[in-house]
Amino acid sequence: MVNLGDFELLLLTKQDIIIFESMSFLGLVFILSVIFCNLYFIGRGWVESLPLNLPEKFGLGLGISLILLYLIGLGVYILNLPQIVYDFCLGLLIIISIFKLWQKQYDFKADFIYLVIFFSGFLALVSIQGMLPVYTGSFWYFDWWEHFQRSTFFLNRLPLNTQFGPYLLTARPPLFNIVSGFLMGIFGNTYWIYQIIATFLNCLVILPCWLITNHFTQNKYPKRIFLLITIILLFNPSFVIEATFNWTKNLSYFFLLSGFYLFLRFRQGSHRYYLYLSALFLGSAILTHYSVIPYITMMSIDLLIQFLIARKINLKLLINWTSIIIVFCSSWFIWASANFGLYQTFLGNTSYEWQKNFTFSQRINKDVSNLKKSILPVLSPQYIQLIVKQENPLVILYDGQFALYASTLSGQISITLSAVLFIWLIKSLINILKNRIKFNVKNFIRSASFIPIFVFVGGSLLSMITIPNLETTGFAQLTLIPLSLFLICLVITKIIELSSNKKYRLVSLIIIGLSIEAIFGIFLRIWVSSRDLNPEFLLKNEKSSEIVHWLPVHMDNYNLKQDKQLVFLSDKYSSNISVFLVLITLGYLGGIIYLIRILAMNNRKNNY
Numbered sequence: 235m236v237n238l239g240d241f242e243l244l245l246l247t248k249q250d251i252i253i254f255e256s257m258s259f260l261g262l263v264f265i266l267s268v269i270f271c272n273l274y275f276i277g278r279g280w281v282e283s284l285p286l287n288l289p290e291k292f293g294l295g296l297g298i299s300l301i302l303l304y305l306i307g308l309g310v311y312i313l314n315l316p317q318i319v320y321d322f323c324l325g326l327l328i329i330i331s332i333f334k335l336w337q338k339q340y341d342f343k344a345d346f347i348y349l350v351i352f353f354s355g356f357l358a359l360v361s362i363q364g365m366l367p368v369y370t371g372s373f374w375y376f377d378w379w380e381h382f383q384r385s386t387f388f389l390n391r392l393p394l395n396t397q398f399g400p401y402l403l404t405a406r407p408p409l410f411n412i413v414s415g416f417l418m419g420i421f422g423n424t425y426w427i428y429q430i431i432a433t434f435l436n437c438l439v440i441l442p443c444w445l446i447t448n449h450f451t452q453n454k455y456p457k458r459i460f461l462l463i464t465i466i467l468l469f470n471p472s473f474v475i476e477a478t479f480n481w482t483k484n485l486s487y488f489f490l491l492s493g494f495y496l497f498l499r500f501r502q503g504s505h506r507y508y509l510y511l512s513a514l515f516l517g518s519a520i521l522t523h524y525s526v527i528p529y530i531t532m533m534s535i536d537l538l539i540q541f542l543i544a545r546k547i548n549l550k551l552l553i554n555w556t557s558i559i560i561v562f563c564s565s566w567f568i569w570a571s572a573n574f575g576l577y578q579t580f581l582g583n584t585s586y587e588w589q590k591n592f593t594f595s596q597r598i599n600k601d602v603s604n605l606k607k608s609i610l611p612v613l614s615p616q617y618i619q620l621i622v623k624q625e626n627p628l629v630i631l632y633d634g635q636f637a638l639y640a641s642t643l644s645g646q647i648s649i650t651l652s653a654v655l656f657i658w659l660i661k662s663l664i665n666i667l668k669n670r671i672k673f674n675v676k677n678f679i680r681s682a683s684f685i686p687i688f689v690f691v692g693g694s695l696l697s698m699i700t701i702p703n704l705e706t707t708g709f710a711q712l713t714l715i716p717l718s719l720f721l722i723c724l725v726i727t728k729i730i731e732l733s734s735n736k737k738y739r740l741v742s743l744i745i746i747g748l749s750i751e752a753i754f755g756i757f758l759r760i761w762v763s764s765r766d767l768n769p770e771f772l773l774k775n776e777k778s779s780e781i782v783h784w785l786p787v788h789m790d791n792y793n794l795k796q797d798k799q800l801v802f803l804s805d806k807y808s809s810n811i812s813v814f815l816v817l818i819t820l821g822y823l824g825g826i827i828y829l830i831r832i833l834a835m836n837n838r839k840n841n842y
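Okay, here's the thing in structure tokens:
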């Protein structure tokens, strides 16, 4: 069995040419622009001819780019083609796409504002990434390194029996890693380049959140709503944690939410192309992270209901939708089954392996306990006992808020938006009881509200069974992020409604709450991670290796970085830390000013 430790010097050698490696911060911005523009143009031409509106073409075009890169990257790996094929295929895809845009008389100005908004969000996340010298917080460990190695697996064609910690290649789906490896083959295979690529892939989830919110607000002001939702997500500590940790979850939720948006449009009467395109995105979600399967299962059940009971769709549509998902996923599973066997391909993952011997009662106890810890913004006594072993009160505060935002549903939505959601639900319930509104099950199932509730609430409950063990905190970061992102979209539509109804004081309180959470959740993380390099900073009296390992802020990630001789973005651009800090600070101040101007001071004209 070959262990990745044998390859660490090979993977991090300087024989590969790193583009713009010696450049300053402006060089970094240029790298970001090149990666961004390449991925934008690849897919934009392919969606231009589809019957979609402009926001849909912009939001979904980047997804098409990734799907094309995945298919080419997998083909290059399986056929054992040289790395120069990456450059050739990338250039060819861009040329074809630009030609398609030219044929359709594409107006670049129409997308320009969207490009500026999204690139600004990407730059903000990269700036935060550039200030993190080590990953830290709660018990998060190893995944960031595992997915870097999985990406270099496809790039450097490592042996099939290579292990990633305790896992084989088939324990995780490959789309994120193949796309990352494709881009690393062009821009360089060092870790700081991977950080940029992974951060871009993980910030894409902003796009379907925008499309969903835009749909709920009837597509009236797409540019303003795009900027609004970008700012609110960048103010969300949970979103920033997920986007900068460099694993695959956010990208899988980009595909899932995009697929759901297209699915919703079809269910509300749009063209069947929406359904077929949703199948392509949902298949991509499965090949990015398996945690999306419960949500896709609920969509499948909904289609079956529409076919068998409501008679709203025909058998052909159902077969075509299912076939697209199966065929796309087969691009990986057929090759994996031939090389690893059926068991390792379909069951060799932690969700099955870790709980295959559980009794039924053990599974129920696990699920109930995890659900309790995951809903409310409350930390378990067991976790609190661990974090108070540390010396600095700010570190203890950081560990508490990290677990709160990462592992609970309320934290993922943000405490401020959760409070808005809770008040909204209570007022709606009181209104129903006060006016004695009768609840008709059949009418509810036929209504537009049923689909998202059925998919996201049902998918969240179904996803509990995939959690392999009893969590110390909660499991929201593992499976509940789709639900939290959808609820964020829902709350934003309510905030826009409050602004339109001149509820200025309430909206001002919401802005203040979001701003405070951003400061404590994001800037505190930057401060703590910069001091996590010092072991003496962490503990009071006990110095045993066991305690250091199990502390929520621990040295394992730092030691892993040192052992593998990794160069982080913060190391590469250490002289530009002040630039990153200024950009982040100005960005958040600008975001606050925008929220105040558009939402809280909306008394002269109705912007929405």
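For the sequence shown, the working numbering begins at 235 and goes up steadily by one. Note that the Cβ used here is the ideal one computed from N, Cα and C, for glycine as well.
Query, Result
"Taking contact to mean 3 or more Cβ pairs, one atom from each stretch, closer than 8 Å, check whether the stretch 432-440 and the stretch 472-481 are in contact.", "yes"
"Just curious, the alpha helix (DSSP H) that N793 is in, first and last residue?", "790-797"
"DSSP on Q397, reduced to helix/strand/coil?", "strand"
"Could you please give the first and the last residue of the uninterrupted alpha helix (DSSP H) stretch that includes A358?", "342-363"
"What's the C-alpha gap between D536 and S571?", "30 Å"
"On the three-state DSSP scale, how would you describe I701?", "coil"
"Use the C-beta contact count for F292: other C-beta atoms within 10 angstroms, 16 or more gives buried, fewer gives exposed.", "buried"
"Does N201 pass the burial test, meaning 16 or more other C-beta atoms within 10 Å, or should it be called exposed?", "No information on residue 201 is available, as it lies outside the stretch 235 to 842 that the chain covers here."
"Does R391 pass the burial test, meaning 16 or more other C-beta atoms within 10 Å, or should it be called exposed?", "exposed"
"If you run the structure through DSSP and keep just helix, strand and coil, what is F388?", "helix"
"Can you give me the Cβ contacts of Q578 inside the same chain, cut-off strictly under 7 Å, excluding the 5 residues immediately before and after it?", "L402, T404"
"So, at 8 Å on beta carbons, what are the nonlocal neighbours of L740 in its own chain, with the 5 sequence-adjacent residues on each side left out?", "L732"
"What's the call for K736, buried or exposed, on a 16-neighbour Cβ count within 10 Å?", "exposed"
"Straight-line CA distance for Y617 to R759?", "18 Å"
"In terms of residue numbering, what span does the alpha helix (DSSP H) encompassing T531 cover?", "527-542"
"Assuming contact is defined by CB atoms lying nearer than 8 Å, are F421 and I412 in contact in what I supplied?", "no"
"Buried or exposed for G415, please, with buried defined as at least 16 other CB atoms from any protein chain shown within 10 angstroms of its CB.", "buried"
"When the Cα atoms are used, what is the spatial distance from I598 to I832?", "47 Å"
"Distance check for L817 and R406, CA to CA, integer angstroms please.", "35 Å"
"Excluding the 5 residues preceding and the 5 following Y822 in the sequence, name in chain order all residues of the same chain whose CB lies nearer than 7 Å to its CB.", "A752"
"What does the Cβ neighbour count give for G825, buried or exposed, with the cut at 16 atoms within 10 Å?", "buried"
"Can you say whether D633 is buried or exposed, counting buried as having 16 or more other CB atoms within 10 angstroms of its CB?", "buried"
"Whole angstroms are fine: how far does the CA of I332 sit from the CA of V762?", "45 Å"
"Taking contact to mean 3 or more Cβ pairs, one atom from each stretch, closer than 8 Å, check whether the stretch 703-718 and the stretch 524-542 are in contact.", "yes"
"For S486, which three-state DSSP category applies?", "helix"
"Restricting to runs no shorter than 3 residues, where is the beta strand (DSSP E) found entirely within the stretch 445-481?", "none"
"How long is the line joining the alpha carbons of Y304 and G325, rounded to whole angstroms?", "15 Å"
"Using the C-alpha atoms, what's the distance from F356 back to G575?", "39 Å"
"Take the Cβ of E625 as the centre, count every other Cβ of all protein chains shown within 10 Å, and call the residue buried at 16 or more, exposed below.", "exposed"
"What's the C-alpha gap between Q317 and G419?", "7 Å"
"Taking Cβ to Cβ, would you say Y507 is nearer than 8 Å to P289?", "no"
"Quick check on N436: does DSSP put it in helix, strand or coil?", "helix"
"Go through its chain and collect everything with a Cβ distance to F473's Cβ below 6 Å, but skip five positions before and after it.", "L467"
"Classify T819: buried if its beta carbon has 16 or more other beta carbons within 10 angstroms, exposed otherwise.", "exposed"
"Which parts of the stretch 275-353 are runs of the alpha helix (DSSP H), unbroken and 4 residues or longer, counting only runs that do not cross its ends?", "288-312, 318-337"
"Let me know if K600 comes out buried or exposed under the rule of 16 or more other beta-carbons within 10 Å of its beta-carbon.", "buried"
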